[in-house]
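Number of protein chains: 2
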Amino acid sequence: MNELVKFEQYLRTHGQKMTRPRRIILKAFIETEGHLTTEDILREAKKVDPGIGQATVFRTIRLIADAGLAREALQDDGARKFEHLADHPHHDHLLCVGCGKIIEFLSPAIEKEQQKIFSQYAFLPRGHMMELLGLCPECQAKQKKGE
Amino acid sequence: MNELVKFEQYLRTHGQKMTRPRRIILKAFIETEGHLTTEDILREAKKVDPGIGQATVFRTIRLIADAGLAREALQDDGARKFEHLADHPHHDHLLCVGCGKIIEFLSPAIEKEQQKIFSQYAFLPRGHMMELLGLCPECQAKQKKGE
DNA sequence: TTGATAATGATAATCATTATCAATGAGGTA
DNA sequence: TACCTCATTGATAATGATTATCATTATCAA
Ligand SMILES: [Mn+2]
Ligand SMILES: [Mn+2]
Ligand SMILES: [Zn+2]
Ligand SMILES: [Zn+2]
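If you read the protein sequences in the order shown, they are chains A and B.
Last residue of the first sequence: 240 in our numbering, with the numbers rising by one and none dropped.
Last residue of the second sequence: 240 in our numbering, with the numbers rising by one and none dropped.
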């Protein structure tokens, strides 16, 4: 797993240590697709070692994100969600406000326009978050039936 | 103030009542520009009536948002922020990760592309959140000096 | 192998938000 | 206007996610 190597490198260059819990948490996170809460990650990690604590998951997921291996997905409320970036190119989200369904998409046109905004204000780009909110076809049909 | 009329209308059509605290909170919110937390709003409202409780601010700001007079600004963490929509057309945010400075902008090109995404997936648009993160010119200079 | 130091996990603390509830207020009706 | 019903209020407790604390344990460079 290449992610493990990257993570070890990140830790080394930041004066931190690779540990058994960190290895387990990283592996559980990378091997699970989707938008995960720390609770989700803890559940997976506990399958390997039930002794792992949730505080360690919070600490480790932040390290993983800082290492550039994960990003925080937009949370409406409740718990934060993370998704890994392994073989997962950058994308944005289209979310159904009715059922919570998430569609991932990438719009090169939008990405290009965003760069224009950055340069227009002389900002050094550091990323962006974009979430489109709408009603999916199924929820539209459900709503029509409802009234 | 036109917003007061709209809010009264919203309340009436939803079987809810206009009250003195609600009037004070709405006025304080509309008359303050920027991205406000409920604590900010409470502070302003207390200047008019110190007896107002923070629970009422939480409840009222949600009503105001539901009435279409406010929207939630993207919060990284900590308290939620709201901004009113009175004489304030839709816009997105460019945020400096160094100093927290916020620039409001509108990109018609991006808005148009977002509509394309919605129709591509047959979603009924309900809004969007977009935040560009970067380093402002001042913070870039500061950083260069730092090392 | 050792020793300095970082990491762990249990637990308490924090902080924003929501729920509860007795008292009050709004506003339609007679 | 007086009344009556039901929404609203503010104080306070509860909740839920995240962070801080701290004694114990593990890592890893020398
Ligand atoms: Mn995603
Ligand atoms: Mn704004
Ligand atoms: Zn849906
Ligand atoms: Zn800045």
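Every residue, glycine too, gets a C-beta built ideally from N, C-alpha and C.
- Message: Counting only Cβ pairs nearer than 7 Å, list the residues of chain A close to B/Thr210.
- Response: Your numbering for residue 210 of chain B matches position 117 in the second sequence. The sequence given here places Ile at residue 210 of chain B; Thr does not occur at that position. Near B/Ile210 (Cβ distances below 7 Å), the residues of chain A are Leu187, Phe198, Ser200 and Leu225.
- Item | Residues sharing a beta bridge with B/His186, DSSP | Translated into the one-based positions of the second sequence, residue 186 of chain B becomes position 93. The partner list for B/His186 (beta bridge, DSSP) reads B/Glu197 and B/Glu224.
- Given a cut-off of 9 Å, decide if A/Glu96 and A/Leu119 are closer than it, judged by their beta-carbon atoms. For the purposes of this step, residue 119 of chain A is identified with residue 26 of the first sequence, where counting begins at 1. For the purposes of this step, residue 96 of chain A is identified with residue 3 of the first sequence, where counting begins at 1. Yes; because the gap between Cβ atoms is below 9 Å, this pair is in contact.
- Take A/His183 as the anchor and find which of A/Ile195, A/Gln168 and A/Leu199 has the nearest alpha-carbon. Position 90 of the first sequence holds residue 183 of chain A. When only C-alpha atoms are compared, the closest one is A/Leu199.
- Query: Buried or exposed: where does A/Glu231 fall if 16 or more other Cβ atoms within 10 Å of its Cβ makes it buried?
  - Reply: For this step, residue 231 of chain A is matched to residue 138 along the first sequence. So A/Glu231 ends up on the exposed side.
- Counting only beta-carbon atoms, is A/Gln213 nearer than 9 Å to chain B? The count along the first sequence starts at 1 and reaches residue 213 of chain A at position 120. At least one chain B Cβ lies under 9 Å of A/Gln213.
- Message: Considering just the uninterrupted stretch of the beta strand (DSSP E) at A/Glu137, what are its terminal residues?
- Response: Mapped onto the first sequence, residue 137 of chain A falls at position 44. No beta strand (DSSP E) contains A/Glu137, which is instead part of the alpha helix (DSSP H) from Thr131 to Val141.
- Message: Using CA atoms only, rank isn't needed, just tell me which of B/Leu188, B/Glu132 and B/Pro201 is closest to B/Leu226.
- Response: By one-based count along the second sequence, residue 226 of chain B stands at place 133. Of the candidates B/Leu188, B/Glu132 and B/Pro201, the one whose C-alpha sits nearest the C-alpha of B/Leu226 is B/Leu188.
- Measuring CA to CA, which of B/Ala121, B/Ile117 and B/Asp159 is closest to B/Thr106? Stepping through the second sequence from its first residue, residue 106 of chain B is reached at position 13. Measuring from the Cα of B/Thr106, the nearest candidate turns out to be B/Asp159.
- Task: Determine the extent of the alpha helix (DSSP H) in which B/Glu165 is found, giving its start and end residues.
- Result: Within the second sequence, numbered from 1, the residue matching residue 165 of chain B stands at position 72. B/Glu165 -> not in any alpha helix (DSSP H); beta strand (DSSP E) instead, spanning Ala163 to Ala166.
- Query: Sorry if obvious, but does the Cβ on A/Ala179 come closer than 8 Å to a heavy atom of ligand 1?
  - Reply: The sequence position of residue 179 of chain A within the first sequence is 86, counting from 1. No, since every heavy atom of ligand 1 falls outside the 8 Å radius drawn around the Cβ of A/Ala179.
- Item | Candidates B/Phe100, B/Thr112 and B/His186, of which the one nearest A/Phe216 by Cα | Taking the first residue of the first sequence as position 1, residue 216 of chain A is located at position 123. Nearest C-alpha to A/Phe216: B/His186.
- Task: Tell me, to the nearest whole angstrom, how far the beta carbon of B/Leu135 is from that of B/Gln147; I am working on the premise that it is less than 8 Å.
- Result: One-based indexing of the second sequence puts residue 135 of chain B at position 42. One-based indexing of the second sequence puts residue 147 of chain B at position 54. At roughly 5 Å, the Cβ-Cβ gap stays under 8 Å, so B/Leu135 and B/Gln147 are in contact.
- Residues in its own chain within less than 7 Å of B/His177 by CB, not counting five upstream and five downstream? Working through the second sequence from its first residue, we reach residue 177 of chain B at position 84. If we look at B/His177 and ignore the five residues flanking it on each side, its Cβ neighbours are Phe122, Ile123, Leu162 and Ala163.
- Message: Relative to the C-alpha of A/Arg113, which candidate in A/Val150, A/Ile195 and A/Leu228 has its C-alpha closest?
- Response: The residue given as residue 113 of chain A occupies position 20 in the first sequence. When each option's Cα is compared against that of A/Arg113, the closest is A/Val150.
- Interface flag, B/His221 vs chain A, CB-CB below 9 Å: By 1-based counting over the second sequence, the position of residue 221 of chain B is 128. Cβ-Cβ to chain A under 9 Å: yes for B/His221.
- Rounded separation between B/Asp170 and A/Val98 - CA only: If you number the second sequence from 1, residue 170 of chain B lands on position 77. If you number the first sequence from 1, residue 98 of chain A lands on position 5. Approximately 30 Å between the Cα atoms of the pair.
- Item | Proximal residues of chain A, C-beta to C-beta of B/Glu206 below 9 Å | On the second sequence, position 113 is the one that residue 206 of chain B refers to. Residues of chain A passing the Cβ test: Ser200, Ala202, Ile203 and Glu206.
- Which of the three DSSP states, helix, strand or coil, is assigned to B/Phe216? Working through the second sequence from its first residue, we reach residue 216 of chain B at position 123. Reduced to three states, the DSSP call for B/Phe216 is coil.
- Item | Contacting positions in the segment 160–188 of chain B - beta carbon closer than 8 Å to chain A | Leu167 and Leu187
- What separation, rounded to the nearest whole angstrom, lies between the Cα atoms of A/Lys110 and A/Lys140? Counting from one through the first sequence, the residue named residue 110 of chain A turns up at place 17. Counting from one through the first sequence, the residue named residue 140 of chain A turns up at place 47. Looking at the two C-alpha atoms, the distance is approximately 23 Å.
- Query: Any beta-carbon of chain A closer than 9 Å to the one on B/Cys229?
  - Reply: Your numbering for residue 229 of chain B matches position 136 in the second sequence. Output row for B/Cys229: interface = yes.
- Task: Measure from the alpha carbon of B/Ala172 to the alpha carbon of each residue in B/Glu137, B/Thr131 and B/Phe211, then state which is nearest.
- Result: Numbered from its first residue, the second sequence carries residue 172 of chain B at position 79. When only C-alpha atoms are compared, the closest one is B/Thr131.
- Classify B/Lys256 as helix, strand or coil using the three-state DSSP reduction. As shown, chain B starts at 94 and ends at 240. That puts residue 256 of chain B outside it, with no answer to give.
- Which residue's Cα is closest to the Cα of A/Pro201: B/Ile157, B/Ile210 and B/Lys194? Position 108 of the first sequence, counting from 1, holds the residue named residue 201 of chain A. Closest by alpha carbon: B/Ile210.
- Would you mind working out which of A/Gln233, A/Lys174 and A/Ile145 sits nearest A/Arg115, comparing C-alpha positions? As a working mapping, residue 115 of chain A is identified with position 22 in the first sequence. The candidate whose alpha carbon is nearest that of A/Arg115 is A/Ile145.
- Query: Hey, out of B/Phe175, B/Gly191 and B/Gln168, whose CA is closest to A/Pro218's CA?
  - Reply: Translated into the one-based positions of the first sequence, residue 218 of chain A becomes position 125. Closest option to A/Pro218, Cα to Cα, is B/Gly191.
- Taking 9 Å as the cut-off, decide whether the C-beta atoms of B/His221 and A/Glu224 are in contact. In the second sequence, the residue the question calls residue 221 of chain B occupies position 128. In the first sequence, the residue the question calls residue 224 of chain A occupies position 131. Against a cut-off of 9 Å, the Cβ pair of A/Glu224 and B/His221 comes out as a contact.
- Message: Can you tell me whether A/Lys99 is helix, strand or coil according to DSSP?
- Response: Translated into positions along the first sequence, residue 99 of chain A becomes position 6. Correct three-state label for A/Lys99: helix.
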